[in-house]
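K.L.:
First residue of the sequence shown: 17, per this note's numbering; consecutive thereafter. All residues carry an ideal CB built from backbone N, CA and C; glycine is no exception. Since the model is a prediction, treat every value here as computed from it, not as a measurement.
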Amino acid sequence: ERMKPYKADSVLLKDGKFTTTGLTMKEPGFLRCVVTATIDGKQYRNLTTSGYEVEKIQPTVKMPDDFNGFWNKTKTELSKLPIDAKFIPLPEKSSAATNVYHVNFQGYGASRIYGILCVPKKPGKYPAVLQVPGAGIRPYGPDLELADQGVIVLTVGIHGIPVTMDVSVYNDLSTGSLKGYFFNNMDDKDKYFYKRVYANCVRANDFIFSLPEFDGQTLAVNGGSQGGALSIVTASLDSRVKYLAALYPALSDLTGYSKGRAGGWPHMMSETNSAYSSNPNVVTALAYYDVVNFAKGINIEGYYTWGFNDETCPPTSFYSAYNVISAPKQTSVFHDTGHWTYPEQRAKMIKWLLSKIKK
Numbered sequence: 017e018r019m020k021p022y023k024a025d026s027v028l029l030k031d032g033k034f035t036t037t038g039l040t041m042k043e044p045g046f047l048r049c050v051v052t053a054t055i056d057g058k059q060y061r062n063l064t065t066s067g068y069e070v071e072k073i074q075p076t077v078k079m080p081d082d083f084n085g086f087w088n089k090t091k092t093e094l095s096k097l098p099i100d101a102k103f104i105p106l107p108e109k110s111s112a113a114t115n116v117y118h119v120n121f122q123g124y125g126a127s128r129i130y131g132i133l134c135v136p137k138k139p140g141k142y143p144a145v146l147q148v149p150g151a152g153i154r155p156y157g158p159d160l161e162l163a164d165q166g167v168i169v170l171t172v173g174i175h176g177i178p179v180t181m182d183v184s185v186y187n188d189l190s191t192g193s194l195k196g197y198f199f200n201n202m203d204d205k206d207k208y209f210y211k212r213v214y215a216n217c218v219r220a221n222d223f224i225f226s227l228p229e230f231d232g233q234t235l236a237v238n239g240g241s242q243g244g245a246l247s248i249v250t251a252s253l254d255s256r257v258k259y260l261a262a263l264y265p266a267l268s269d270l271t272g273y274s275k276g277r278a279g280g281w282p283h284m285m286s287e288t289n290s291a292y293s294s295n296p297n298v299v300t301a302l303a304y305y306d307v308v309n310f311a312k313g314i315n316i317e318g319y320y321t322w323g324f325n326d327e328t329c330p331p332t333s334f335y336s337a338y339n340v341i342s343a344p345k346q347t348s349v350f351h352d353t354g355h356w357t358y359p360e361q362r363a364k365m366i367k368w369l370l371s372k373i374k375k
């Protein structure tokens with residue numbers, strides 16, 4: 017996983033077949049075989065990954081002594097801010113069963129949080145799901161597949177900008193002022209980009225609890241990649257969350273590279289980012305944001321799904337977080353998937369979520 021190969025070879029196939037010499041691992045982890053073939057001038061690539069005692073993989077990151085104090089102080093600062101919510105109806109995006117709104121409300125450090133809110137039209141009290149986003153800068157739409165089944169769904173962005181603009185705006189930001197946002201100020205735990213993001217996930221729950229249609233107790237959080245990380249973080253920081261569903265969580269065991277194995281996305285501690293990995297201030301600050309340290313505080317039921325062929329969020333990194341969770345947990349492994357999901361995989365996750373919040 018993202019490390020220099022144990023063995024590299026090339027061969028001219030005469031009968032279309034090639035068998036490698038046997039390799040194995042002597043410690044828990046993953047061993048990956050990547051094959052690139054050129055046939056009739058066109059190049060093809062595929063890979064397969066085997067896991068070895070994956071349930072024994074342990075994290076490398078250490079938890080700061082004041083970890084809980086740091087985040088409790090942040091939440092206290094957040095609680096003093098008014099929500100100041102604003103709603104813009106989006107009838108063109110609504111369905112027969114669901115009203116859709118573009119919403120924004122006050123976040124940490126006087127920032128604004130923007131998102132898409134789905135609320136069932138039929139009067140009543142409903143459970144809610146907070147959907148936290150994967151990495152990138154883009155617009156968001158309503159999750160009517162979930163909302164139309166009688167669920168409040170809030171899908172938030174993390175960049176403090178409206179989520180309904182033309183896609184060209186987000187493309188410009190991706191190559192401009194927000195390029196590499198996940199590296200911003202990561203040598204300072206008080207100024208790192210994700211401090212506002214983590215805090216604002218809690219504030220998104222504050223907003224959900226302010227909705228008159230919410231049943232006041234049944235809240236789940238869900239996301240993949242960066243959103244998988246944010247799902248675990250939010251569930252750890254906010255005791256109001258009752259269930260979580262996370263896909264291949266990023267930001268897990270970032271220091272894995274220091275022990276000669278893959279660390280989590282966005283790989284700021286890898287050899288290619290030596291300016292960061294050799295900076296002790298970065299190592300110290302990132303421990304306050306590593307998903308592993310939040311996973312240790314999970315005390316609610318969770319659903320986790322991923323594949324072994326993930327080249328973006330290496331499975332060693334997310335198993336480092338998963339293995340320290342002591343709360344009830346269910347894993348659905350689609351072994352051949354990479355940093356993507358099958359429709360059937362998402363359907364299983366949604367079915368699990370609904371089975372918990374729609375009792």
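Just confirm the distance between the C-beta atoms of L106 and Y117, as a whole number of angstroms; I'd bet it's less than 8 Å.
P.N.:
Numbered from 1 along the sequence shown, position 90 holds the residue referred to as residue 106. Numbered from 1 along the sequence shown, position 101 holds the residue referred to as residue 117. Indeed, because the Cβ distance is near 6 Å, the residues count as touching under 8 Å.
K.L.:
How about P265 and S247: are their beta carbons less than 9 Å apart?
P.N.:
On the sequence shown, residue 265 is found 249 positions in, with the first residue counted as 1. On the sequence shown, residue 247 is found 231 positions in, with the first residue counted as 1. Closer than 9 Å, so yes.
K.L.:
Could you check whether the segment 307-322 touches the segment 62-79, counting it as contact only if at least three pairs of C-beta atoms, one from each stretch, sit closer than 8 Å?
P.N.:
Verdict: yes, contact present.
K.L.:
Taking P296 as part of the beta strand (DSSP E), name the residues at either end of that continuous run.
P.N.:
The count along the sequence shown starts at 1 and reaches residue 296 at position 280. Unbroken run through P296 is the alpha helix (DSSP H), 296-302; no beta strand (DSSP E).
K.L.:
Go to T328, then tell me how far its beta strand (DSSP E) extends in each direction, as first and last residue.
P.N.:
As a first step, residue 328 must be located in the sequence shown, where it is residue number 312. Here T328 belongs to no beta strand (DSSP E), and DSSP marks it neither H nor E.
K.L.:
Among E317, A303, A236, L270, which residue has its Cα nearest to the Cα of F86?
P.N.:
Position 70 of the sequence shown, counting from 1, holds the residue named residue 86. Checking every option, the nearest Cα to that of F86 belongs to A303.
K.L.:
Let me check understanding here. Comparing Cα to Cα, which of K211, I174, T180 lies closest to K109?
P.N.:
Reading the sequence shown from its first residue, position 93 is the one you call residue 109. For K109, the nearest C-alpha among the options comes from T180.
K.L.:
W368 by DSSP, collapsed to three states: which one?
P.N.:
In the sequence shown, the residue the question calls residue 368 occupies position 352. Of the three classes helix, strand and coil, the one that applies to W368 here is helix, per DSSP.
K.L.:
Hey, quick one: how far does the beta strand (DSSP E) through D100 stretch, first residue to last?
P.N.:
Locating residue 100 in the sequence shown gives position 84, counting from the first residue. No beta strand (DSSP E) holds D100; DSSP gives it neither H nor E.
K.L.:
What distance in whole Å lies between the Cβ atoms of I366 and I162, which are believed to be in contact at a cut-off of 8 Å?
P.N.:
As a working mapping, residue 162 is identified with position 146 in the sequence shown. As a working mapping, residue 366 is identified with position 350 in the sequence shown. According to the sequence shown, residue 162 is Leu rather than Ile. Right, their Cβ atoms sit about 6 Å apart.
K.L.:
Could you name the residues that DSSP lists as bridge partners for C134?
P.N.:
By 1-based counting over the sequence shown, the position of residue 134 is 118. V116, V169.
K.L.:
How far does the alpha helix (DSSP H) with T250 in it extend, from its first residue to its last?
P.N.:
On the sequence shown, position 234 is the one that residue 250 refers to. Residues 242-253.
K.L.:
What first and last residue would you give for the alpha helix (DSSP H) that runs through R219?
P.N.:
Here residue 219 refers to the residue found at position 203 of the sequence shown. Here the alpha helix (DSSP H) through R219 covers 209-226.
K.L.:
Please tell me whether K102 and N120 are closer than 9 Å, where the distance is taken between their beta carbons.
P.N.:
Taking the sequence shown and counting its residues from 1, one reaches residue 102 at position 86. Taking the sequence shown and counting its residues from 1, one reaches residue 120 at position 104. Yes, they are a contact pair.
K.L.:
For the alpha helix (DSSP H) containing E93, list its first residue and its last residue.
P.N.:
Counting from one through the sequence shown, the residue named residue 93 turns up at place 77. Here the alpha helix (DSSP H) through E93 covers 83-95.
K.L.:
Suppose you measure from the CA of G243 to the CA of H175; what does that come to, to the nearest Å?
P.N.:
By one-based count along the sequence shown, residue 243 stands at place 227. By one-based count along the sequence shown, residue 175 stands at place 159. Near 14 Å, if we compare the C-alpha coordinates of H175 and G243.
K.L.:
From the DSSP output, in three-state form, read off K345 for me.
P.N.:
As a first step, residue 345 must be located in the sequence shown, where it is residue number 329. DSSP places K345 in strand when its eight states are reduced to three.
K.L.:
With distances taken Cα to Cα, identify the nearest neighbour of A112 among G272, G313, S252, K137.
P.N.:
The sequence position of residue 112 within the sequence shown is 96, counting from 1. Among G272, G313, S252, K137, the Cα nearest to that of A112 is on K137.
K.L.:
Where V213 and K91 are concerned, what is the direct C-alpha to C-alpha distance, given to the nearest angstrom?
P.N.:
Translated into the one-based positions of the sequence shown, residue 213 becomes position 197. Translated into the one-based positions of the sequence shown, residue 91 becomes position 75. If you take the alpha carbons of V213 and K91, they lie about 12 Å apart.
K.L.:
Within this structure, are the beta carbons of L133 and V169 separated by less than 9 Å?
P.N.:
Residue mapping note: residue 133 aligns to position 117 of the sequence shown, counting from 1. Residue mapping note: residue 169 aligns to position 153 of the sequence shown, counting from 1. Against a cut-off of 9 Å, the Cβ pair of V169 and L133 comes out as a contact.
K.L.:
Which whole-angstrom value is the C-beta distance of Y142 and G166, which I expect to be below 8 Å?
P.N.:
Taking the sequence shown and counting its residues from 1, one reaches residue 142 at position 126. Taking the sequence shown and counting its residues from 1, one reaches residue 166 at position 150. Yes, Y142 and G166 are in contact; Cβ-Cβ is about 6 Å, under 8 Å.
K.L.:
Can you grab the Cα-Cα spacing for the pair L189 / R154, in whole Å?
P.N.:
Here residue 189 corresponds to residue number 173 of the sequence shown, with the count starting at 1. Here residue 154 corresponds to residue number 138 of the sequence shown, with the count starting at 1. Taking the straight line from one Cα to the other gives about 9 Å.
K.L.:
Would you list, in sequence order, the uninterrupted beta strand (DSSP E) runs of no fewer than 3 residues that lie entirely inside the segment 26-65?
P.N.:
Here the runs fully enclosed are 45-55.
K.L.:
To the nearest angstrom, report how far apart I316 and T35 are at their CA atoms.
P.N.:
In the sequence shown, the residue the question calls residue 316 occupies position 300. In the sequence shown, the residue the question calls residue 35 occupies position 19. About 46 Å.
K.L.:
Can you name the residues that DSSP bridges to G239?
P.N.:
By 1-based counting over the sequence shown, the position of residue 239 is 223. Bridge partners of G239: A262.
K.L.:
If you check the beta carbons only, do S252 and I177 fall under 9 Å apart?
P.N.:
Locating residue 252 in the sequence shown gives position 236, counting from the first residue. Locating residue 177 in the sequence shown gives position 161, counting from the first residue. In this structure, I177 does not lie closer than 9 Å to S252 by Cβ.
K.L.:
So, T321 versus S348, is the Cβ gap smaller than 9 Å?
P.N.:
For the purposes of this step, residue 321 is taken as residue 305 along the sequence shown, with counting starting at 1. For the purposes of this step, residue 348 is taken as residue 332 along the sequence shown, with counting starting at 1. Cβ atoms of T321 and S348: closer than 9 Å.
K.L.:
Can you tell me which of D164, P158, F209, N115 puts its alpha carbon nearest to the alpha carbon of A151?
P.N.:
Along the sequence shown, one-based indexing puts residue 151 at 135. Closest by alpha carbon: F209.
K.L.:
What's the gap between the Cα of Y222 and the Cα of E229?
P.N.:
Taking the first residue of the sequence shown as 1, we reach residue 222 at position 206. Taking the first residue of the sequence shown as 1, we reach residue 229 at position 213. One point to set straight first is that residue 222 is Asp, not Tyr, in the sequence displayed. In a straight line, the C-alpha of D222 is about 14 Å away from that of E229.
K.L.:
What residues in its chain sit with their C-beta under 6 Å from that of Y186, if we drop five residues either side in the sequence?
P.N.:
Position 170 of the sequence shown, counted from the start, is the residue given in the question as residue 186. For Y186, where only same-chain residues beyond five positions count, the Cβ hits under 6 Å are I153, R154.
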